[in-house]
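In this text, residue positions in the sequence shown follow this note's numbering: the first is 902, and each later residue adds one. Ideal Cβ placement from N, Cα and C applies to all residues, glycine included. Note that the structure is a prediction, hence the values are computed from the model and not measured. As structure tokens, the structure follows; a few thoughts come after it.
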Amino acid sequence: MSHASPLVAPGRRLAAWLRRVPISDPVDRRNAPALQVLLLFLGIEIPLNKGYHLLSGHVSMTGPRLFVDLGTDVAIAGAAFFAVWMIRRGRLRQGIAAFLTILMSCAVAANIAFGYQLQAFDPYPMVMLTTAALVIGRRALWIVYACIPVVFALGMASPWGLGPARSGSAFQNLPSLAFSYLMIAIVLDRTVAALRETLWKAQRSAQQLREQMIERERMRERMLHMQKIESVGHLASGVSHDFNNVLGAIVGYTAERHRLDELDFDPEPDARRMGDALEGIELAAQRGIALSRKLLSFSRRELAVPARFDAAQALADLVPMLRQLFDGRVDVVLDLPDTPVPVFLDRSQLDLVMLNFAANARDAMPGGGRFGVTLRDTGDGWARIVVTDTGQGMPPEVMRQAFEPFFTTKPAGEGTGLGLAVAREMTQEAGGTLTVDSTPGHGTRFTLQLPRVI
């Protein structure tokens, strides 16, 4: 491994550099690294190969033919580097089109200068067809194909294309060559068209999936907000009673103002009494402000913000709101541990889940009963919350559908059927589980398990 690392690191940097092109089209972006490698190879290999042949004396041609040979090699190498430069600037198709144009021009010059016989096994026609089809498209493919027979015909018609024993029969291979390349062009056309259609369908499916995920998230937020509004509605009667108590206290304290009008007004003790009354008014007003803020923050449409908090303290803080959901005939009993039980989720969502349980329990106990909440640290990484009531319970067929969205046994207009569905979804997002156990006439028990954090 240590011997390979000096080569692996530069290779990774080179691969990253090849991929780092400002191209938005996904197909072109995937093709860019391989095309750059091919073009760089041609731009380097062609001059090196020609230089080797010149230095070794393997090149016997002179005069104009040598000029054409060297000129076409220089033009192809320069076109390859120019195409790489265009790709690095995000203009892949324009760069490849320029490269193919120069390559085709060089093929024309080479066929005229050296004749068809020397160019018959040249791989560049296949390179041009394949590159045009894969990179630019069908139109470029058929333009390149239309040019190939013309290039061969020019080579066959040139003086160097006619051998002494074949005078007058130079074009006899042109139909078979044209037909062979036609078959290749058709295969490339159909194959590339099928690949692009498949890619288009995959991209369309991915876009539809993204849209569905976005819509699902929007639906979830709307469901959550609807359930919060419903829970706030359940709290309305208790809140109005609590506000009446607050206002009653304020009215009682303000009655102390009569002391200012009495004839036996004693400044020192009466001033002290007035100060105490104002302090009581302030405390009552602060209590009303805290209650209204709690309701506003609970009903507000906000994104979930998971945080670490003590589940025992959160449940204890929720007791006043839970009591407001029940009348005096229902006992609210909490069994909480003395030590903290830290969990990680959005605290307002836990409040919503507990209020959903309480609202269902209230409807299941019209004649009164007991609503209990027990929290335990299981010792194996879980915090278990057990919510029980002594209500009517659920038959098996109702219990199986209890967590389905919009399923409710309540009369029309008295429930959305979202409470338990939202509770299970939020529990699963927190990495926990929610189960229900109920028997008709013997109450219901919900078991909520949440991952305990350190």
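- Remark: fewer than three beta-carbon pairs, one from each stretch, lie closer than 8 Å, so the region 1319–1330 and the region 1226–1245 are not flagged as touching.
- In the DSSP assignment, R1230 falls outside any alpha helix (DSSP H), carrying neither H nor E.
- Here V969 has A1010 and A1014 as same chain residues with Cβ atoms under 6 Å from its own Cβ, once five neighbours each way along the sequence are excluded.
- Residue range P1243 to L1246 is occupied by the beta strand (DSSP E) that includes P1243.
- Per DSSP, I977 is one residue of the alpha helix (DSSP H) stretching across G964 to R989.
- In the displayed model, I945 falls within a helix according to three-state DSSP.
- In this structure, R1353 lies near G1282, with their beta-carbon atoms less than 7 Å apart.
- In the DSSP assignment, D1290 falls within the beta strand (DSSP E) that extends over W1283 to D1290.
- If you draw a straight line from the Cα of G1056 to the Cα of L1001, it is about 19 Å long.
- Taking every protein chain shown into account, the CB of D926 has fewer than 16 other CB atoms within 10 angstroms, so this residue is exposed.
- For T1334, the uninterrupted beta strand (DSSP E) run begins and ends at T1334 to S1339, by DSSP.
- In the structure shown, G1280 falls within a coil segment according to DSSP collapsed to helix, strand and coil.
- In the three-state reduction of the DSSP assignment, Q1104 falls in the helix class, which pools H, G and I.
- Using a C-beta cut-off of 8 Å, the region 1204–1219 makes contact with the region 1244–1256, since at least three inter-stretch Cβ pairs fall below that distance.
- DSSP, reduced to helix, strand and coil, places G1273 within a strand of the structure shown.
- For F1304, the three-state secondary structure derived from DSSP is coil.
- In the assembly as shown, A1262 is a buried residue. Its beta-carbon has 16 or more other beta-carbons within 10 Å.
- Per DSSP, the continuous alpha helix (DSSP H) segment holding R1040 begins and ends at R1039 to A1058.
- L1349 carries a strand assignment under DSSP once its states are collapsed to helix, strand and coil.
- Counting the other CB atoms within 10 Å of its CB gives T1092 a total below 16, which places it among the exposed residues.
- Under the 10 Å beta carbon count, T1340 is surrounded by fewer than 16 other beta carbons and is classified as exposed.
- Between G1269 and the set A1213, P1297 and R1230, the nearest pair of CA atoms involves R1230.
- The three-state reading of DSSP puts A1208 in strand, counting E and B together.
- Residue pairing by DSSP places D1236 opposite T1275 in a beta bridge.
- Here S1006 carries a helix assignment [DSSP, helix/strand/coil].
- For A933, the closest C-alpha among the options R990, D974 and G972 is that of R990.
- Cβ-Cβ distances below 7 Å link D1278 to P1238, V1242, A1284 and R1353 in the same chain, with the five nearest sequence neighbours on each side left out; the list follows chain order.
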